[in-house]
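S.K.: In our numbering, the protein residues as written are 61 to 282.
Don't be surprised by glycine CBs; every beta carbon is placed ideally from N, CA and C.
#1: Report the residue from 127, 161, 193 and 115 whose alpha carbon sits nearest the alpha carbon of residue 182.
#2: At what residue ranges does the stretch 97 to 138 contain a whole run of the beta strand (DSSP E), taking only runs of 3 or more?
#3: If you count every other CB in all the chains shown that lies within 10 Å of the CB of residue 90, and 16 or more means buried, which is it?
#4: Can you round the beta-carbon distance between residue 132 and residue 237 to whole angstroms, since I take them to be within the 8 Å contact cut?
#5: For residue 151, count neighbouring C-beta atoms within 10 Å of its own C-beta (all shown protein chains included) and say buried if the count is 16 or more, exposed if not.
#6: Using the beta-carbon count (16 or more within 10 Å), is residue 196 buried or exposed?
#7: Suppose only complete runs of 3+ residues qualify. What are the beta strand (DSSP E) ranges in the stretch 218 to 274, listed by chain order?
#8: Using the DSSP secondary-structure output, state which residues sit across from residue 83 in a beta bridge.
#9: With residue 149 as the anchor, note down where its beta strand (DSSP E) starts and where it stops.
#10: Quick check: the Cα distance between residue 165 and residue 200, rounded to an integer number of angstroms?
#11: Helix, strand or coil: how does DSSP classify residue 93 here?
#12: Is any non-hydrogen atom of the ligand GTP found closer than 8 Å to the C-beta of residue 187, if you look at the structure I gave you?
#13: Hey, how far is the Cα of residue 263 from the Cα of residue 144?
#14: Residues bridged to residue 166 by DSSP?
#15: Taking the beta strand (DSSP E) that residue 194 belongs to, which residues open and close that run?
#16: If residue 248 sits next to residue 155, beta carbons under 8 Å apart, how far is it from one beta carbon to the other, in whole angstroms?
#17: Skipping 5 residues on each side, what residues in its chain have a beta carbon closer than 6 Å to that of residue 108?
#18: On the DSSP letters alone, give me the boundaries of the beta strand (DSSP E) that residue 213 sits inside.
#19: Pick from 185, 170 and 204: whose alpha carbon is nearest that of residue 213?
#20: Would residue 127 pass as a contact of residue 103 if the rule is Cβ separation under 9 Å?
#21: Ordered along the chain, which non-local residues of its own chain (more than five positions away) have a Cβ less than 6 Å from that of residue 230?
#22: Have a look at 178, 173, 172 and 228 and flag the residue whose alpha-carbon is nearest the alpha-carbon of residue 163.
#23: Can you give the Cα-Cα distance for residue 87 and residue 243, rounded to whole angstroms?
#24: Residue range of the beta strand (DSSP E) that residue 206 falls in?
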């Protein structure tokens with residue numbers, strides 16, 4: 061009985077440790093991002109934008125080097141996951157046209173100023189800080205992306221549900237933040253279905269603990 065009580069205490073401790081500083085921020089294409097907590101940076105003139113069918117369209121194919129993107133800043137830190145947690149960033153994007161190379165992009169800068177950034181063309185993505193990371197994509201359709209990291213030094217990038225990249229963060233200069241949108245000023249028409257990110261619990265520790273508790277209970281009954 062004492063062993064069971066101790067094991068239950070362990071499960072509770074693991075669960076508590078995994079729920080320390082979790083957060084989840086989701087943009088779903090129902091309003092402009094600056095109306096939902098993001099800070100907008102746009103050149104003059106800005107991109108043409110509109111909302112349609114739950115997506116945000118950003119059209120920067122006009123005159124000049126137009127930039128129009130959205131950032132959530134963490135002035136006192138708080139981007140990074142804690143023990144037993146994972147940072148997750150998900151987005152769904154269709155680059156209808158890119159007039160000069162790549163233009164739309166996403167990025168995350170950790171509490172310790174380590175960075176990952178991806179830029180997109182009509183049929184590819186590449187990692188800004190990793191020259192060997194380049195992925196061909198089917199043009200003219202939506203693609204779903206998910207980045208996962210437990211330590212903000214290495215990451216896994218999934219494309220349309222499959223593991224595509226096991227990469228590393230770059231030691232950068234920018235303060236903690238997460239952002240997305242029209243980044244480079246090259247010119248593009250991009251459709252953003254959603255952009256979501258946050259810190260979530262890693263279920264494995266609790267699952268293992270609960271499995272151990274189940275085995276212990278079975279052994280006691282035996």
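M.R.: In terms of the structure at hand:
#1: On the chain shown, residue 182 is found 122 positions in, with the first residue counted as 1. For residue 182, the nearest C-alpha among the options comes from 161.
#2: Runs found: 99 to 102, 108 to 112, 115 to 119 and 128 to 133.
#3: For the purposes of this step, residue 90 is taken as the residue at position 30 of the chain shown. Answer is exposed; the Cβ neighbour count stays below 16.
#4: Looking up residue 132 in the chain shown gives position 72. Looking up residue 237 in the chain shown gives position 177. About 7 Å separates the beta carbons of residue 132 and residue 237, which is inside the 8 Å limit, making them a contact pair.
#5: Start at 1 with the first residue of the chain shown, and residue 151 comes out as number 91. Burial state of residue 151 is buried, judged by a 10 Å Cβ sphere holding 16 or more other Cβ atoms.
#6: By one-based count along the chain shown, residue 196 stands at place 136. Under this definition residue 196 is an exposed residue.
#7: Entirely contained in the stretch 218 to 274, the beta strand (DSSP E) runs reaching 3 residues are, in chain order, 222 to 228, 237 to 242 and 248 to 261.
#8: Start at 1 with the first residue of the chain shown, and residue 83 comes out as number 23. According to DSSP, which records beta bridges pairwise, residue 83 is partnered with 259.
#9: Along the chain shown, one-based indexing puts residue 149 at 89. It spans 145 to 158 - the beta strand (DSSP E) in which residue 149 sits, taken as one unbroken run.
#10: Here residue 165 corresponds to residue number 105 of the chain shown, with the count starting at 1. Here residue 200 corresponds to residue number 140 of the chain shown, with the count starting at 1. In a straight line, the C-alpha of residue 165 is about 17 Å away from that of residue 200.
#11: What you label residue 93 is simply residue 33 of the chain shown in a count that begins at 1. Helix.
#12: For the structure depicted, the ligand GTP is absent and the ligand set is empty, with no information on it obtainable.
#13: Locating residue 263 in the chain shown gives position 203, where the first residue counts as 1. Locating residue 144 in the chain shown gives position 84, where the first residue counts as 1. Going by the C-alpha atoms only, they are around 8 Å apart.
#14: Your numbering for residue 166 matches position 106 in the chain shown. Bridge partners of residue 166 according to DSSP: 178 and 240.
#15: Your numbering for residue 194 matches position 134 in the chain shown. According to the DSSP assignment, residue 194 belongs to the beta strand (DSSP E) that extends over 190 to 196.
#16: As a working note, residue 248 is residue 188 in the chain shown. As a working note, residue 155 is residue 95 in the chain shown. The pair is a contact, with the Cβ atoms about 6 Å apart (cut-off 8 Å).
#17: On the chain shown, residue 108 is found 48 positions in, with the first residue counted as 1. The residues are 119.
#18: The count along the chain shown starts at 1 and reaches residue 213 at position 153. Element bounds for residue 213: n/a, residue is neither H nor E.
#19: Sequence index remark: in the chain shown, residue 213 carries index 153 (1-based). Cα-wise, what sits closest to residue 213 is 170.
#20: Counting from 1 along the chain shown, the entry for residue 127 is found at position 67. Counting from 1 along the chain shown, the entry for residue 103 is found at position 43. The answer is yes: Cβ separation under 9 Å.
#21: Residue mapping note: residue 230 aligns to position 170 of the chain shown, counting from 1. These residues qualify, in order along the chain: 175 and 189.
#22: Here residue 163 is taken as the residue at index 103 of the chain shown, counted from 1. Comparing Cα-Cα distances from residue 163 to each of 178, 173, 172 and 228, the minimum goes to 178.
#23: The residue you call residue 87 lines up with position 27 of the chain shown. The residue you call residue 243 lines up with position 183 of the chain shown. Just so you know, the alpha carbons of residue 87 and residue 243 end up roughly 18 Å apart.
#24: Start at 1 with the first residue of the chain shown, and residue 206 comes out as number 146. Its beta strand (DSSP E) spans residues 203 to 209.
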